[in-house]
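Read left to right, the sequence shown gives residues -19 to -1, 1 to 56 (mature numbering (1 follows the signal peptide of the UniProt record, and there is no 0)).
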Amino acid sequence: MRLLVLFCCLWLLPGVASAAPSVGEIRVVSETWTRYTQEDGRGVAWDRLRAVYEPAGVRLRIANEPYTRAVGLVL
């Protein structure tokens, strides 16, 4: 019986994953850190985020804000 339930769950799983809405854009906000999150959109952190999300078709909206405002934009 457990094997049957496991088989049914695995069989239905791809349909559930494909039914999830796709994310077209993510807004990323951070303080300005030299070499990591520069205001011009360059930096190690921004490059890594682009390397992960852009191949999947997700566009990043990058912004630099003071810490308090950045935290407020998340909540």
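The C-beta atom is built at its ideal place from N, Cα and C for all residues, glycine as well.
- Taken in chain order, the complete beta strand (DSSP E) segments of 3 residues or longer contained in the region 2 to 39 are 6 to 11.
- For Thr15, the number of other beta carbons within 10 angstroms of its own is below 16, and it is reported as exposed.
- The shortest CA-to-CA distance from Gly53 to any of Val10, Asp21, Glu20 and Val25 is the one to Val10.
- Spanning the alpha carbons of Val25 and Gly5 requires a straight line of approximately 23 Å.
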